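In my numbering, the protein residues as written are 8 to 104.
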């Protein structure tokens, strides 16, 4: 973390939320997703013509990852569909109560 950034946070009375020293699991999930993104998009599809090409590929990958990727543990459906079903069930339970 940059010194200037840290100083600005301190001036504003804000604690940084970027992990702690000696805690290797703090951002493990985020780092895993970043690694997948780099392997599946950045390294596999490069070299890139410009920033816009990277940005567009990133948008496509995030859409696929969140809305179309099938997950075996939840019945071979996309995460977004599982989330929709979850909230529909909550709504139905709330209406029944």
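Where a beta carbon is used, it is the ideal one built from N, C-alpha and C, also for glycine.
From a predicted model like this one, the values you see are computed outputs, not experimental measurements.
query	result
Which listed residue (56, 57, 83, 69) has its alpha carbon closest to that of residue 45	69
First and last residue of the uninterrupted alpha helix (DSSP H) at residue 57	Segment: none, residue 57 is in no alpha helix (DSSP H) and carries neither H nor E.
Beta bridge counterpart(s) of residue 78 as assigned by DSSP	84
Integer Cβ distance of residue 85 from residue 77, believed to fall under 8 angstroms	6 angstroms
Cα-Cα separation, residue 80 to residue 89	11 angstroms
CB contact flag (residue 75, residue 64, <8 angstroms)	no
Residue 93 versus residue 72 - alpha carbon distance	19 angstroms
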